Amino acid sequence: MNYKSVKGTADILPAPAGSIELRQAMESISQDVFQRFGYREVRTPIIEERSLFVKSIGEETDIVTKEMFSFKDRGEREIVLRPEGTAPIVRAYLEANLHKTDAFQKFYYIGPMFRAERPQAGRMRQFHQIGAEAIGSGLPEIDAEIIRLLAALLDAMKIRGYKIRINNLGCKDDKAGLSKTLRTILDKEKNALCDDCKKRLDKNPLRVLDCKNESCRTMVRSVFKSVKFLCENCEGHFKKVLACLDDLNIKYELDPFIVRGLDYYTQTVFEVTHPELGSQDALGAGGRYDNLISDMGGPELGAAGFALGVERILIVAAKQEAAAYPDDKKVIYIATMGEAAKKKGFGLLDSLRGGKWEKKMSFDMDYENKSLKAQMREADKLGAKLVLIIGDDEIAKGEVMLRDMMTKEQQSVKFDDVARTIKGKI
Ligand SMILES: [Zn+2]
Ligand SMILES: [Zn+2]
Numbered sequence: 032m033n034y035k036s037v038k039g040t041a042d043i044l045p046a047p048a049g050s051i052e053l054r055q056a057m058e059s060i061s062q063d064v065f066q067r068f069g070y071r072e073v074r075t076p077i078i079e080e081r082s083l084f085v086k087s088i089g090e091e092t093d094i095v096t097k098e099m100f101s102f103k104d105r106g107e108r109e110i111v112l113r114p115e116g117t118a119p120i121v122r123a124y125l126e127a128n129l130h131k132t133d134a135f136q137k138f139y140y141i142g143p144m145f146r147a148e149r150p151q152a153g154r155m156r157q158f159h160q161i162g163a164e165a166i167g168s169g170l171p172e173i174d175a176e177i178i179r180l181l182a183a184l185l186d187a188m189k190i191r192g193y194k195i196r197i198n199n200l201g202c203k204d205d206k207a208g209l210s211k212t213l214r215t216i217l218d219k220e221k222n223a224l225c226d227d228c229k230k231r232l233d234k235n236p237l238r239v240l241d242c243k244n245e246s247c248r249t250m251v252r253s254v255f256k257s258v259k260f261l262c263e264n265c266e267g268h269f270k271k272v273l274a275c276l277d278d279l280n281i282k283y284e285l286d287p288f289i290v291r292g293l294d295y296y297t298q299t300v301f302e303v304t305h306p307e308l309g310s311q312d313a314l315g316a317g318g319r320y321d322n323l324i325s326d327m328g329g330p331e332l333g334a335a336g337f338a339l340g341v342e343r344i345l346i347v348a349a350k351q352e353a354a355a356y357p358d359d360k361k362v363i364y365i366a367t368m369g370e371a372a373k374k375k376g377f378g379l380l381d382s383l384r385g386g387k388w389e390k391k392m393s394f395d396m397d398y399e400n401k402s403l404k405a406q407m408r409e410a411d412k413l414g415a416k417l418v419l420i421i422g423d424d425e426i427a428k429g430e431v432m433l434r435d436m437m438t439k440e441q442q443s444v445k446f447d448d449v450a451r452t453i454k455g456k457i
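Residue numbers for the sequence shown follow my numbering, so the first one is 32 and each next one is one higher.
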């Protein structure tokens, strides 16, 4: 084999080689849930201008400094493969002037994102996210709705045992104040920090709070306990968010060490983790980003959102009952013996495919003149519920032999009655 998929990317094949069916089921479940919550789909391009992410995610973040796939196109424009979904949606919202017509909008997206990290389980260079953004409101009910929506998605996907951890970073001023305080406190303990955190101390001290290094964690946990940094307004907002979550019976833990790696977050931030994931334990994350719209040249409008990692969900799903998302499509197979039967079957196949069906259907037949035994094996492999068998005898009588693959019962059915009989049996 001469060609392989690019490092960190993977083909998503049908079963049994792959699991496209699981992903399709996840997408369809998500679409139903989003619809219930009043969120509508947006599909933004895979490529965006590099500056969009530098401006929104932040110049000093890991994503921008080392993880973006960026290149110059033939017009010397700096282009990147999108590393996340929020900035493109806000760009699309502003570009379409939605803030001028109907400022409050709820969107969702499903699609690939790209980050040039060292590939490992649940962290590919092309990965996929299911996300939502509620744009145009600063109300605490929105924070709660977004978290409720995220939980509803995981519940609908039958993911059990996830944990929601919440924090509040405060407004821009609170964040700046906290950064300053942290710089002062941590500077005295600099020797206990890892090399990365020594650099972060200067540029982005908030990130020291969520460093995974043991020595950093211990030190930060001992000095950070008593730091109060939220203004009254933010304190009030957070209280209302938590009260809404309580009203919705959402279980969560407060975790003052969640800061998220992206600069645009303000106020509520949250992560959903799962013990099945090991050290990379986040299924998804999100939060409020009240300054992003104005930072990108739009009006002062609040917004909140989240993204779930499809590959992470699949890792957990594989270990839980969700691995068997119901496949409700009914497979009907036509088995034929001889040229005349094949011709008849070919016509029947087409009329069945074009018929009106209330359930999800799939119709197929063999074109390669395989033996009846081989055709029955194929029907079995496809999971056929019913097989329509046609031979010379059946053609002479204007019938097909309909075999129920579960009960093994067979019955003769007139050609004109085939569709009706199938409907009665599925
Ligand atoms: Zn504040
Ligand atoms: Zn560290």
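A virtual CB, placed ideally from N, CA and C, is assigned to each residue, including glycine.
Predicted model, so just to flag it, every value in this text is computed and none were measured.
Scan the segment 341 to 392 and note each continuous beta strand (DSSP E) run of 3 residues or more that stays entirely inside, going in chain order.
The qualifying runs are 361 to 367.
Which whole runs of the beta strand (DSSP E) in the segment 56 to 132 are 3 residues long or more, in chain order?
Qualifying beta strand (DSSP E) stretches, in chain order: 78 to 80, 101 to 103 and 109 to 112.
Closer than 5 Å from C-beta to any heavy atom of ligand 2: which residues, in chain order?
Listed along the chain, these residues meet the criterion: Cys-225, Cys-228, Cys-242, Asn-244 and Cys-247.
What residues match up with Ala-313 in a beta bridge as DSSP calls it?
Bridge partners of Ala-313: Thr-304.
Are the CB atoms of Phe-260 and Leu-184 within a distance shorter than 8 Å?
No.
Rounded to the nearest angstrom, what separates Ser-253 and Thr-40 at their Cα positions?
Distance between the alpha carbons of Ser-253 and Thr-40: 41 Å.
Report the option in Gly-386, Gly-106, Ala-410 and Ile-60 whose CA atom is closest to the CA atom of Ala-187.
If we check each option's Cα against that of Ala-187, Ile-60 comes out closest.
What is the DSSP secondary structure of Leu-325, reduced to helix, strand or coil?
It should be noted that the sequence gives Ser, not Leu, for residue 325. Looking at Ser-325 - three-state DSSP - the assignment turns out to be helix.
Near Leu-380, which residues of its chain fall below 7 Å by C-beta distance, leaving aside the five closest residues on each side in sequence?
If we look at Leu-380 and ignore the five residues flanking it on each side, its Cβ neighbours are Ile-365, Phe-394 and Met-396.
Hey, would you say His-305 sits closer than 8 Å to Gly-153, going by beta carbons?
Going by C-beta atoms, His-305 is not nearer than 8 Å to Gly-153.
Any heavy atom of ligand 1 closer than 7 Å to the CB of Cys-275?
No, Cβ of Cys-275 sits at least 7 Å from all heavy atoms of ligand 1.
How long is the line joining the alpha carbons of Asp-458 and Phe-255, rounded to whole angstroms?
What the structure shows of the chain is the stretch from 32 to 457, and residue 458 is not part of that stretch, so it cannot be assessed.
Could you tell me whether any non-hydrogen atom of ligand 4 is closer than 7 Å to the CB of Leu-217?
Within the structure as shown, ligand 4 is missing, the only ligands being ligand 1 and ligand 2.
Give a yes or no on whether the C-beta atoms belonging to Arg-179 and Leu-112 are separated by under 8 Å.
Result no, Cβ atoms of Arg-179 and Leu-112 do not sit closer than 8 Å.
Distance, Cα to Cα, Leu-285 vs Thr-299?
Approximately 11 Å, taken between the alpha carbons.
State yes or no: is the C-beta of Asp-104 nearer than 7 Å to some heavy atom of ligand 1?
No; taking the cut-off as 7 Å, the Cβ of Asp-104 has no heavy atom of ligand 1 nearer than that.
Grab the span of the beta strand (DSSP E) containing Glu-164 for me, first residue to last.
Unbroken beta strand (DSSP E) run through Glu-164: 157 to 166.
Are there three or more Cβ pairs, one per stretch, closer than 8 Å when the segment 85 to 100 is compared with the segment 53 to 70?
The segment 85 to 100 is not in contact with the segment 53 to 70.
Have a look at Arg-384 and Lys-416 and give me their C-alpha separation to the nearest angstrom.
Rounded to whole angstroms, Arg-384 to Lys-416 spans 16 Å at the Cα level.
State the Cα-Cα distance for the pair Lys-229 and Gly-292, rounded to the nearest angstrom.
Cα to Cα, Lys-229 sits roughly 16 Å from Gly-292.
Counting C-beta neighbours from all protein chains within 10 Å, is the total for Phe-102 16 or more, i.e. buried, or is it exposed?
Burial call: exposed.
Tell me which residue opens and which closes the alpha helix (DSSP H) that Leu-276 is part of.
First-last of the alpha helix (DSSP H) with Leu-276: 263 to 278.
In chain order, what are the residues with a CB under 5 Å from some non-hydrogen atom of ligand 1?
Going along the chain, the residues that qualify are Gly-201, Cys-202, Asp-205, Cys-262 and Cys-265.
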